[in-house]
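Right, one structure below, let's go through it.
There are 2 protein chains.
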Amino acid sequence: MNGADLLMQTLLANGVDLVIGNPGTSEMQFVAALDGAPKLRSVLGLFEGVVTGAADGYGRMADRPAATLLHLGPGLGNGLANLHNARRAHTPIVNVVGEHATFHRQYDPPLHSDIASIAKGASEWTRAMSAESLSGDVAAAVGFAREAPGHVTTLILPADVAWSPAIGDPQKATIGKPRSVPASVIDEVAQVLRRGEPAALLLNGRGVREPALGLASRIAKRAGARLVCDTFPARIERGAGRPVVERLPYIPHMILSALGDVKHLILVAARAPVAFFAFPGGGQSIAVPEGCQVHTLATESDDVVSALEALASALGASADKQLQASGLSPVPTGGSIAPDSFAAALGATLPEGAIVADEGNTVGYLAPLATAGCPPHDWLCLTGGSIGFGLPAATGAALACPDRRVIALDGDGSAMYTIQALWTQAREKLNVTNVILSNRSYAILNLEMMRMGLGQAGPVAKTMLDLNNPALDFVALGKGMGVPSTKVSRADELVVALRRSYLTEGPTLIEVEIET
Amino acid sequence: MNGADLLMQTLLANGVDLVIGNPGTSEMQFVAALDGAPKLRSVLGLFEGVVTGAADGYGRMADRPAATLLHLGPGLGNGLANLHNARRAHTPIVNVVGEHATFHRQYDPPLHSDIASIAKGASEWTRAMSAESLSGDVAAAVGFAREAPGHVTTLILPADVAWSPAIGDPQKATIGKPRSVPASVIDEVAQVLRRGEPAALLLNGRGVREPALGLASRIAKRAGARLVCDTFPARIERGAGRPVVERLPYIPHMILSALGDVKHLILVAARAPVAFFAFPGGGQSIAVPEGCQVHTLATESDDVVSALEALASALGASADKQLQASGLSPVPTGGSIAPDSFAAALGATLPEGAIVADEGNTVGYLAPLATAGCPPHDWLCLTGGSIGFGLPAATGAALACPDRRVIALDGDGSAMYTIQALWTQAREKLNVTNVILSNRSYAILNLEMMRMGLGQAGPVAKTMLDLNNPALDFVALGKGMGVPSTKVSRADELVVALRRSYLTEGPTLIEVEIET
Numbered sequence: 006m007n008g009a010d011l012l013m014q015t016l017l018a019n020g021v022d023l024v025i026g027n028p029g030t031s032e033m034q035f036v037a038a039l040d041g042a043p044k045l046r047s048v049l050g051l052f053e054g055v056v057t058g059a060a061d062g063y064g065r066m067a068d069r070p071a072a073t074l075l076h077l078g079p080g081l082g083n084g085l086a087n088l089h090n091a092r093r094a095h096t097p098i099v100n101v102v103g104e105h106a107t108f109h110r111q112y113d114p115p116l117h118s119d120i121a122s123i124a125k126g127a128s129e130w131t132r133a134m135s136a137e138s139l140s141g142d143v144a145a146a147v148g149f150a151r152e153a154p155g156h157v158t159t160l161i162l163p164a165d166v167a168w169s170p171a172i173g174d175p176q177k178a179t180i181g182k183p184r185s186v187p188a189s190v191i192d193e194v195a196q197v198l199r200r201g202e203p204a205a206l207l208l209n210g211r212g213v214r215e216p217a218l219g220l221a222s223r224i225a226k227r228a229g230a231r232l233v234c235d236t237f238p239a240r241i242e243r244g245a246g247r248p249v250v251e252r253l254p255y256i257p258h259m260i261l262s263a264l265g266d267v268k269h270l271i272l273v274a275a276r277a278p279v280a281f282f283a284f285p286g287g288g289q290s291i292a293v294p295e296g297c298q299v300h301t302l303a304t305e306s307d308d309v310v311s312a313l314e315a316l317a318s319a320l321g322a323s324a325d326k327q328l329q330a331s332g333l334s335p336v337p338t339g340g341s342i343a344p345d346s347f348a349a350a351l352g353a354t355l356p357e358g359a360i361v362a363d364e365g366n367t368v369g370y371l372a373p374l375a376t377a378g379c380p381p382h383d384w385l386c387l388t389g390g391s392i393g394f395g396l397p398a399a400t401g402a403a404l405a406c407p408d409r410r411v412i413a414l415d416g417d418g419s420a421m422y423t424i425q426a427l428w429t430q431a432r433e434k435l436n437v438t439n440v441i442l443s444n445r446s447y448a449i450l451n452l453e454m455m456r457m458g459l460g461q462a463g464p465v466a467k468t469m470l471d472l473n474n475p476a477l478d479f480v481a482l483g484k485g486m487g488v489p490s491t492k493v494s495r496a497d498e499l500v501v502a503l504r505r506s507y508l509t510e511g512p513t514l515i516e517v518e519i520e521t
Numbered sequence: 006m007n008g009a010d011l012l013m014q015t016l017l018a019n020g021v022d023l024v025i026g027n028p029g030t031s032e033m034q035f036v037a038a039l040d041g042a043p044k045l046r047s048v049l050g051l052f053e054g055v056v057t058g059a060a061d062g063y064g065r066m067a068d069r070p071a072a073t074l075l076h077l078g079p080g081l082g083n084g085l086a087n088l089h090n091a092r093r094a095h096t097p098i099v100n101v102v103g104e105h106a107t108f109h110r111q112y113d114p115p116l117h118s119d120i121a122s123i124a125k126g127a128s129e130w131t132r133a134m135s136a137e138s139l140s141g142d143v144a145a146a147v148g149f150a151r152e153a154p155g156h157v158t159t160l161i162l163p164a165d166v167a168w169s170p171a172i173g174d175p176q177k178a179t180i181g182k183p184r185s186v187p188a189s190v191i192d193e194v195a196q197v198l199r200r201g202e203p204a205a206l207l208l209n210g211r212g213v214r215e216p217a218l219g220l221a222s223r224i225a226k227r228a229g230a231r232l233v234c235d236t237f238p239a240r241i242e243r244g245a246g247r248p249v250v251e252r253l254p255y256i257p258h259m260i261l262s263a264l265g266d267v268k269h270l271i272l273v274a275a276r277a278p279v280a281f282f283a284f285p286g287g288g289q290s291i292a293v294p295e296g297c298q299v300h301t302l303a304t305e306s307d308d309v310v311s312a313l314e315a316l317a318s319a320l321g322a323s324a325d326k327q328l329q330a331s332g333l334s335p336v337p338t339g340g341s342i343a344p345d346s347f348a349a350a351l352g353a354t355l356p357e358g359a360i361v362a363d364e365g366n367t368v369g370y371l372a373p374l375a376t377a378g379c380p381p382h383d384w385l386c387l388t389g390g391s392i393g394f395g396l397p398a399a400t401g402a403a404l405a406c407p408d409r410r411v412i413a414l415d416g417d418g419s420a421m422y423t424i425q426a427l428w429t430q431a432r433e434k435l436n437v438t439n440v441i442l443s444n445r446s447y448a449i450l451n452l453e454m455m456r457m458g459l460g461q462a463g464p465v466a467k468t469m470l471d472l473n474n475p476a477l478d479f480v481a482l483g484k485g486m487g488v489p490s491t492k493v494s495r496a497d498e499l500v501v502a503l504r505r506s507y508l509t510e511g512p513t514l515i516e517v518e519i520e521t
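Same order as they appear, the protein sequences are chains C and L.
Residues are numbered in our numbering as their position in the first sequence, beginning at 1, plus a constant of 5.
Residues are numbered in our numbering as their position in the second sequence, beginning at 1, plus a constant of 5.
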């Protein structure tokens with residue numbers, strides 16, 4: 006057994022049984038060792054952004070980390086954008102980044118760079134392994150990755166540590182328990198809610214998943230408070246039979262308007278709303294209405310469920326679940342596809358147990374509303390604003406949940422950052438419906454330009470936001486990577502194409518031509 | 006005039022007239038300002054690895070920096086792999102990375118990350134701009150980017166600095182002069198060469214370009230020394246009428262064998278050969294034969310041309326150019342395509358003034374030899390080992406040299422990292438022939454696994470190196486991004502396809518099915 010073997014045995018001993026990778030020479034020991042660890046599934050990505058995005062989607066659905074395998078600093082760099090989203094989502098991930106042999110680094114070979122510095126851009130814990138500490142290092146990485154609320158961790162694996170004889174046996178990870186919320190905090194929040202002043206529970210993280218969601222809903226009903234959640238939760242459980250939660254809008258003044266006259270904002274594994282971007286004039290960095298007090302029931306690192314149980318008990322909130330299922334959308338019958346008819350088509354068809362990886366941006370913004378009453382499903386959001394999330398995250402969610410239908414909602418611009426994910430879906434025969442909302446522009450940026458007070462883009466600026474020249478042909482791109490693909494331009498065609506994809510094993514791509 | 010305007014005016018005042026970008030909201034001021042700076046050409050990439058790779062190709066051919074425009078930490082992360090290659094190539098590049106407004110960062114908005122730490126992975130100079138220092142910061146970045154041997158620099162542009170009123174006028178960059186090599190060093194090297202012991206001049210950087218190349222050739226002839234160059238020079242000028250330079254092989258023991266009984270290795274803007282990777286057993290990190298003395302005539306930061314002139318004068322090397330043009334390859338007449346017949350097809354067709362961006366790896370390794378006698382051309386190599394270089398670098402070279410034919414040599418695996426470059430080529434109607442050498446595997450890694458002493462890959466390991474399931478269809482991928490594409494499987498078809506592409510305006514893709 007060498008270091009690479011011990012690394013794998015330690016991952017397996019701690020519940021990590023999937024490695025998603027894009028290896029190079031420095032990782033060959035690891036790749037060779039895969040044959041000695043048949044319980045460790047290995048999946049190949051053609052680009053590291055696919056690898057890390059898939060690890061994010063997997064971790065959100067599996068609630069345990071996948072390992073990634075990345076090739077030195079450049080491989081980590083390629084994976085950084087989706088690790089950024091994963092960090093913001095508190096997704097557990099254990100990156101394994103190959104590195105030059107320790108004795109070789111001093112010669113500054115061509116692929117040498119400062120891996121630890123790059124890792125600081127997205128990883129919350131980074132350690133270079135040595136032969137002596139290897140198994141302990143791996144156990145520590147898995148332990149911290151799994152500690153509430155979940156973390157991105159990075160192990161740097163020098164080639165000579167991988168090929169040297171293993172020292173010691175696989176060690177078990179110690180996973181820190183979530184912090185308990187003190188009774189005094191529960192009491193304070195209970196008192197606030199008893200006052201009957203306008204209040205809202207702001208949920209995020211574990212707060213938008215069962216059992217926390219049901220508890221929060223009971224509390225809100227009992228206290229007459231509103232139930233809202235962050236603009237971009239990592240994974241929200243929703244649909245028929247589950248509490249409906251108002252999602253905060255994206256634009257700060259709309260958040261302020263949505264929170265209206267709320268006097269008490271109770272944070273449940275959430276942070277007070279912060280504007281995604283600042284704009285000239287400023288003043289809206291924190292989007293909390295004036296006169297609204299913010300109270301923290303539980304941070305993202307706390308034991309959210311126990312805190313909600315205690316608060317429900319303190320308030321005497323009944324055990325009746327607050328069911329708020331909306332009805333299903335009517336099936337759209339034809340006509341061109343715009344945000345509303347797209348949302349209706351999705352709402353009319355979303356199957357039970359679906360997982361939606363949402364990077365739909367400007368076209369997809371009505372989809373959450375139209376699907377609120379659909380059969381129970383999960384919705385994964387773009388937590389960190391780093392584009393190229395949708396297709397890889399869908400890939401990872403499908404690896405975690407092979408029996409569920411995964412739907413990637415992606416803009417045409419967004420899809421192009423990590424389009425290589427389609428190949429991994431085809432290779433692994435993953436049940437993903439890739440919906441590409443094609444409006445031939447970075448539409449969000451036209452909007453942002455106006456929000457910046459810059460008015461309509463001038464002719465030169467416009468070319469930097471426009472994707473029409475040449476038009477992208479996603480049916481050809483899908484075919485090029487082995488994914489059956491089709492294009493629709495009418496809402497009724499979209500309904501048929503979606504339904505057909507749900508009944509088809511393996512991945513499908515649907516290019517949706519949006520009316521512009 | 007606001008900060009973004011001043012930034013552009015300062016770039017233009019210092020000879021930077023191309024910005025290649027993939028902008029987001031935090032860069033909207035910059036994008037809007039493009040309409041006020043019509044002399045600054047702007048080119049859009051769908052993915053940041055395309056942007057930075059194109060800036061690398063551009064800088065290598067234009068000998069001055071392009072600016073990139075990248076969206077915060079994740080955008081920089083996506084661009085890092087090709088910036089790594091650019092750093093190793095000493096390509097001048099000025100990155101402009103948008104950042105949150107200074108007053109907004111404290112709230113840790115979703116897209117916030119440690120940009121400076123990520124930049125340390127590939128940028129040699131990084132500065133966050135302030136409104137007061139903006140023009141000076143830009144001038145300093147361009148100045149250092151252009152200082153010998155060329156550098157990757159990064160300007161972090163907070164949104165509020167971009168939108169605030171400009172302070173001051175565009176400042177001029179001070180570009181540090183290359184260091185002069187002391188006469189004592191010239192004398193020492195001249196004495197070594199006069200001894201008549203077996204010697205070789207090892208060239209890199211400016212040393213493999215005119216006028217240094219001709220000078221080095223005269224010196225070598227006079228001294229009876231060999232003329233060799235680094236395994237992966239950033240840009241080598243070669244072809245008929247130019248001195249033939251022996252390129253060092255990739256594998257360390259082959260380097261040792263190639264240098265054979267060389268007793269004196271004279272470094273000319275080169276470093277002593279270092280193994281790309283270390284292998285079990287070690288001992289070959291530095292690939293210099295035992296008993297060979299290494300002498301530095303000029304480092305990469307020195308005035309290489311003056312040093313060579315002085316050395317030529319000291320040795321009385323005549324002004325006759327040493328012409329060593331080889332003959333042209335015979336045109337292959339048919340049969341399946343393997344490394345030899347591929348190289349022959351390229352050698353039989355390469356047009357005058359061609360620029361080859363070479364990421365051909367395992368299939369392309371014979372191409373340099375077969376093209377040595379072709380009409381004069383430039384050859385750009387993968388300096389940093391970071392895959393995904395070929396298509397973007399070709400894109401940038403074509404932006405720098407619109408009247409020349411650019412040929413990207415890429416493996417199928419390599420091409421998939423930054424396949425989005427095709428779209429920019431189509432959009433800008435660039436004269437690029439994209440040759441995709443498709444052998445349906447990461448063939449280099451099968452080789453490296455054997456070099457690691459791991460033998461043939463086992464069945465699981467093999468799946469991590471194999472690209473056959475599903476097969477990539479590059480004709481479909483090219484079509485999907487608006488590039489006319491064709492597939493060939495015979496050498497005579499390849500010759501026809503290459504020649505046709507050279508006569509066709511705009512980009513072409515040729516998928517070359519390699520016999521395996």
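Positions of the beta carbon are idealized from the N, C-alpha and C atoms, including for glycine.
- Taken in chain order, the whole alpha helix (DSSP H) runs of length 4 or more contained in the stretch 230-281 of chain L are 257-264.
- From the listed residues L/Met469, L/Leu435 and L/Arg252, the smallest Cα separation to serine 506 of chain L is found for L/Leu435.
- Neighbours of leucine 162 of chain L in chain C, taken as residues whose beta carbon is under 8 Å from its own, are absent, since the nearest beta carbon is some 14 Å off.
- Ranked by how close their Cα comes to the Cα of histidine 258 of chain C, the residues C/Val279, C/Lys268 and C/Arg240 have C/Val279 in first place.
- Nearest neighbour of glycine 173 of chain L by Cα position, chosen from L/Asn7, L/Leu482, L/Ser311 and L/Ala195, turns out to be L/Asn7.
- For glutamate 364 of chain C, the uninterrupted beta strand (DSSP E) segment begins and ends at 360-364.
- Chain C places a beta carbon closer than 9 Å to that of tyrosine 112 of chain L, counting this residue as a contact.
- Taken through DSSP and simplified to helix, strand or coil, glutamate 152 of chain L comes out as coil.
- For the stretch 416-447 of chain C, the beta-carbon criterion of a distance under 9 Å to any beta-carbon of chain L is satisfied by Gly418, Met421, Tyr422, Thr423, Ile424, Gln425, Trp428, Ala431, Arg432 and Tyr447.
- In summary, alanine 188 of chain C is exposed, with fewer than 16 beta-carbon neighbours lying within 10 Å of its beta-carbon over all protein chains present.
- Going by C-alpha positions, arginine 214 of chain L is about 45 Å away from asparagine 451 of chain C.
- When 9 Å is used as the limit between beta carbons, isoleucine 291 of chain C is near these residues of chain L: Tyr112, in chain order.
- DSSP places valine 368 of chain L in the helix class (H, G or I) of the three-state scheme.
- The Cβ neighbour count for methionine 455 of chain L, taken over all protein chains shown within 10 Å, is under 16; the residue is labelled exposed.
- Taking 9 Å as the threshold, the shortest C-beta distance from isoleucine 120 of chain C to chain L falls below it.
- By the neighbour-count criterion, in which 16 or more other beta carbons inside 10 Å mark a residue as buried, proline 70 of chain L falls on the buried side.
- Under the Cβ criterion of 9 Å, isoleucine 449 of chain L is counted among the residues facing chain C.
- In the structure shown, aspartate 383 of chain C adopts extended strand secondary structure according to DSSP, grouped into three states.
- Scanning its chain for C-beta atoms nearer than 7 Å, with the 5 sequence neighbours on each side dropped, one finds around alanine 167 of chain L the residues Asn7, Gly8, Ala9, Gln34 and Phe35, in chain order.
- In the structure shown, the three-state DSSP call for glutamine 425 of chain C is coil.
- For histidine 105 of chain C, the three-state secondary structure derived from DSSP is coil.
- By the criterion of a C-beta distance shorter than 6 Å, threonine 438 of chain L is surrounded in its chain by Ile412, Ser506 and Thr513, once the five residues flanking it on both sides are discounted.
- Here the C-alpha atom of proline 464 of chain C lies approximately 27 Å from the C-alpha atom of glycine 369 of chain C.
- Within chain L, Asp478 and Ala481 have C-beta atoms less than 7 Å from the C-beta of lysine 484 of chain C, given in sequence order.
- Distance check between alanine 353 of chain L and each of L/Met66, L/Ser135, L/Val501 and L/Ser118 places L/Val501 closest, using alpha-carbon atoms only.
- In this structure, the CA atom of leucine 414 of chain C is about 15 Å from the CA atom of lysine 492 of chain C.
- Closest in C-alpha terms to glutamate 137 of chain L, from the list L/Leu206, L/Ile271, L/Arg93 and L/Ser169, comes L/Ser169.
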